[in-house]
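A.B. asks: I am attaching a structure below and will ask some questions about it afterwards.
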Amino acid sequence: MRIGIDARLYGVASGTGIGRYTEELVHALGAMPIETADLEFVVFLRRDAFATFAPPNTRWSKVLAEFRPYTLTAQTQFPRVLADARVDLMHFTHFDHPLAYRGPFLTTIHDTILLDHPTTRASTLGPIKFWTKYLAYRSVIRDAVRRSMRVLTPSRAVKDDLVRRFRVLPEQVIAAHLGVNHAAPPPPSAQQNRTAADAPPLPNRPFVLYVGNAYPHKNLAWLVRVWPNIAEAEDGLLLVLVGREDDFYHTLRTHVDTRTPIVFMGPCGDEALQWLYQHATAYVSPSLAEGFDLPTLEAAAKGIPVVATKIPVHTEILGDGAHFFPPGDGEALHHAIRELRTHHELRDILIRHGRARAQQYSWSSCATETLRAYREALALRFPS
Numbered sequence: 041m042r043i044g045i046d047a048r049l050y051g052v053a054s055g056t057g058i059g060r061y062t063e064e065l066v067h068a069l070g071a072m073p074i075e076t077a078d079l080e081f082v083v084f085l086r087r088d089a090f091a092t093f094a095p096p097n098t099r100w101s102k103v104l105a106e107f108r109p110y111t112l113t114a115q116t117q118f119p120r121v122l123a124d125a126r127v128d129l130m131h132f133t134h135f136d137h138p139l140a141y142r143g144p145f146l147t148t149i150h151d152t153i154l155l156d157h158p159t160t161r162a163s164t165l166g167p168i169k170f171w172t173k174y175l176a177y178r179s180v181i182r183d184a185v186r187r188s189m190r191v192l193t194p195s196r197a198v199k200d201d202l203v204r205r206f207r208v209l210p211e212q213v214i215a216a217h218l219g220v221n222h223a224a225p226p227p228p229s230a231q232q233n234r235t236a237a238d239a240p241p242l243p244n245r246p247f248v249l250y251v252g253n254a255y256p257h258k259n260l261a262w263l264v265r266v267w268p269n270i271a272e273a274e275d276g277l278l279l280v281l282v283g284r285e286d287d288f289y290h291t292l293r294t295h296v297d298t299r300t301p302i303v304f305m306g307p308c309g310d311e312a313l314q315w316l317y318q319h320a321t322a323y324v325s326p327s328l329a330e331g332f333d334l335p336t337l338e339a340a341a342k343g344i345p346v347v348a349t350k351i352p353v354h355t356e357i358l359g360d361g362a363h364f365f366p367p368g369d370g371e372a373l374h375h376a377i378r379e380l381r382t383h384h385e386l387r388d389i390l391i392r393h394g395r396a397r398a399q400q401y402s403w404s405s406c407a408t409e410t411l412r413a414y415r416e417a418l419a420l421r422f423p424s
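Residue numbering for the sequence shown follows our numbering, starting at 41 and increasing by one per position.
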């Protein structure tokens, strides 16, 4: 049986969480030669990733698919490439599948955030183009859920939402939790001291960390509004924001007074990011909605006490490994941070529980659940 994997967003270089998910999933499936011995995999990649991707064994192959997602050419020309590959089952790793494709497929739906938060602030497009694309988004995601032989989600929270919203049977949707790479951190060294030459250029005082994008549902605009009051009450406690520079971060930066104790780090290299993880007082996730929130779980895995909004996916994934506060409640956020700074026993408990929660999630488990979805879909197509 031949399984195709849509990897047009493959890799962290794509700047998307979907790219990270696709890369990790492909690697994890490739590391399961016994479990997948009866399967062949065809990976569809855009030019840059196609040049560097090395199939893990002879049952894996790659096909050039230079079709940017969310474009007309992807809708009209990608189906021909898929048909030529003659796969028995296609896995679209994102809802943006070609509507004209008529082969059997399954889809990963990472979240339904745009359905709940349709705002032009979530796009750099003008209002007319945004709402046109939004209507197309609704049509494509509905078609993906309706026609997929199985739907994969990164969490039970997203699964439950799809079942409720689109009235699909629960057994048609499989929650395949994302994973954390559990490699041991490098030992402390001189390079990791606050005086090291490669340490980030920060004032020498405690800071709270956030890593990720600045899309509206991340609620960073609210966070930077309430931070001055928190910082004033907490002796100038810094807020450090790490993320790829884009229009969303640029807009956010223009609304922050330069005297406010907020540092926009931009993107960070591995060494600088590791330093930030090791020295942060806490990690904060003020999101209004998430599909999984991998950066927050990774922070917990690195031993940072996490303060996160009490939303379904956070309580599911983080469990007792985080201090929760209601979304948009600045006083509750301040109270949580104050408790972490003053109650060392609570801090130690959250660190320990956060690490334990992170240990429950691995990319091999994600691949195992994905493989189960493949086999269920193939069994429907080729009943014995």
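Think of the CB as a built atom: it goes at the ideal place given N, C-alpha and C, for glycine as much as any other residue. What you are looking at is a predicted structure, and each value in this text was computed from that prediction instead of being measured.
Check whether the Cβ atoms of residue 126 and residue 413 lie closer than 8 Å to each other.
C.D. replies: As a working note, residue 126 is residue 86 in the sequence shown. As a working note, residue 413 is residue 373 in the sequence shown. No, they are not a contact pair.
A.B. asks: Below 6 Å CB to CB, which residues in the same chain sit around residue 401 once its five sequence neighbours on both sides are set aside?
C.D. replies: Looking up residue 401 in the sequence shown gives position 361. If we look at residue 401 and ignore the five residues flanking it on each side, its Cβ neighbours are 217, 219 and 220.
A.B. asks: Could you work out which residue in 86, 377 and 143 is closest to residue 269 when comparing CA atoms only?
C.D. replies: Position 229 of the sequence shown holds residue 269. The shortest C-alpha separation from residue 269 is found at 377.
A.B. asks: Going by CA-CA distance only, name the one from 145, 124 and 395 that's closest to residue 188.
C.D. replies: As a working mapping, residue 188 is identified with position 148 in the sequence shown. Selected option, being the one with the closest Cα: 145.
A.B. asks: Look up residue 363 in the DSSP assignment and say whether it is helix, strand or coil.
C.D. replies: Taking the sequence shown and counting its residues from 1, the one referred to as residue 363 is at position 323. Looking at residue 363 - three-state DSSP - the assignment turns out to be strand.
A.B. asks: For residue 87, count neighbouring Cβ atoms within 10 angstroms of its own Cβ and tell me buried if that reaches 16, exposed if not.
C.D. replies: Indexing the sequence shown from 1 puts residue 87 at position 47. Label assigned to residue 87: exposed.
A.B. asks: Is the beta carbon of residue 213 sitting closer than 8 Å to the one on residue 264?
C.D. replies: Translated into positions along the sequence shown, residue 213 becomes position 173. Translated into positions along the sequence shown, residue 264 becomes position 224. In this structure, residue 264 does not lie closer than 8 Å to residue 213 by Cβ.
A.B. asks: Give the secondary structure of residue 145 by DSSP, where H, G and I count as helix, E and B as strand, and everything else as coil.
C.D. replies: Sequence index remark: in the sequence shown, residue 145 carries index 105 (1-based). Looking at residue 145 - three-state DSSP - the assignment turns out to be strand.
A.B. asks: Whose CA, out of 193, 186, 250 and 316, lies closest to the CA of residue 244?
C.D. replies: Counted from its first residue, the sequence shown places residue 244 at position 204. Ranking the options by Cα distance to residue 244, first place goes to 316.
A.B. asks: Assuming residue 342 and residue 365 make a contact with CB atoms under 8 Å, what is their CB distance in whole Å?
C.D. replies: On the sequence shown, position 302 is the one that residue 342 refers to. On the sequence shown, position 325 is the one that residue 365 refers to. With 8 Å as the limit, residue 342 and residue 365 do not qualify as a contact, their Cβ atoms being about 21 Å apart.
A.B. asks: Can you tell me the Cβ-Cβ gap for residue 395 and residue 340, rounded? I've got them flagged as a contact below 8 Å.
C.D. replies: In the sequence shown, residue 395 corresponds to position 355, counting from 1. In the sequence shown, residue 340 corresponds to position 300, counting from 1. About 7 Å separates the two Cβ atoms, so the contact holds.
A.B. asks: Tell me, to the nearest whole angstrom, how far the beta carbon of residue 136 is from that of residue 109; I am working on the premise that it is less than 8 Å.
C.D. replies: Position 96 of the sequence shown holds residue 136. Position 69 of the sequence shown holds residue 109. The beta-carbon distance between residue 136 and residue 109, rounded to whole angstroms, is 5 Å. This is short enough to meet the 8 Å contact definition.
A.B. asks: Are residue 313 and residue 337 close, meaning C-beta to C-beta below 8 Å?
C.D. replies: Locating residue 313 in the sequence shown gives position 273, counting from the first residue. Locating residue 337 in the sequence shown gives position 297, counting from the first residue. Taking 8 Å as the Cβ cut-off, residue 313 and residue 337 do not qualify as a contacting pair.
A.B. asks: Compute the Euclidean distance between the alpha carbons of residue 89 and residue 103, then round it to the nearest angstrom.
C.D. replies: Stepping through the sequence shown from its first residue, residue 89 is reached at position 49. Stepping through the sequence shown from its first residue, residue 103 is reached at position 63. Inter-residue distance for residue 89 and residue 103 is about 11 Å (C-alpha atoms, whole angstroms).
A.B. asks: Please state whether DSSP places residue 323 in a helix, a strand or coil.
C.D. replies: The residue you call residue 323 lines up with position 283 of the sequence shown. Three-state DSSP puts residue 323 in a strand.
A.B. asks: For residue 333, which of helix, strand or coil comes out of DSSP?
C.D. replies: As a position in the sequence shown, residue 333 is number 293, starting the count at 1. It is coil, neither helix nor strand.
A.B. asks: Could you give the DSSP three-state label for residue 186: helix, strand or coil?
C.D. replies: To locate residue 186, count along the sequence shown from 1; it is residue 146. Helix at residue 186.
A.B. asks: What's the C-alpha gap between residue 252 and residue 72?
C.D. replies: Position 212 of the sequence shown, counted from the start, is the residue given in the question as residue 252. Position 32 of the sequence shown, counted from the start, is the residue given in the question as residue 72. If you take the alpha carbons of residue 252 and residue 72, they lie about 30 Å apart.
A.B. asks: Between which two residues does the beta strand (DSSP E) harbouring residue 46 extend?
C.D. replies: In the sequence shown, counting from the first residue as 1, residue 46 sits at position 6. Counting along the chain, the beta strand (DSSP E) containing residue 46 begins and ends at 42-46.
A.B. asks: Between residue 425 and the rest of its own chain, which residues show a CB-CB distance below 6 Å, the 5 nearest in sequence each way excluded?
C.D. replies: Not covered by the structure: residue 425. The range shown for the chain is 41 to 424.
A.B. asks: So residue 46 and residue 418 are supposed to be a Cβ contact under 8 Å. How far apart are they, rounded?
C.D. replies: Counting from one through the sequence shown, the residue named residue 46 turns up at place 6. Counting from one through the sequence shown, the residue named residue 418 turns up at place 378. Contact between residue 46 and residue 418 does not hold, since the beta-carbon distance rounds to 17 Å and is not under 8 Å.
A.B. asks: Where DSSP assigns a beta bridge to residue 248, which residues make up the other side?
C.D. replies: As a position in the sequence shown, residue 248 is number 208, starting the count at 1. Answer is 279 and 322.
A.B. asks: Taking only the alpha-carbon atoms, compute the straight-line gap between residue 300 and residue 275 and give it to the nearest angstrom.
C.D. replies: By 1-based counting over the sequence shown, the position of residue 300 is 260. By 1-based counting over the sequence shown, the position of residue 275 is 235. Their backbone Cα atoms lie some 13 Å apart in a straight line.
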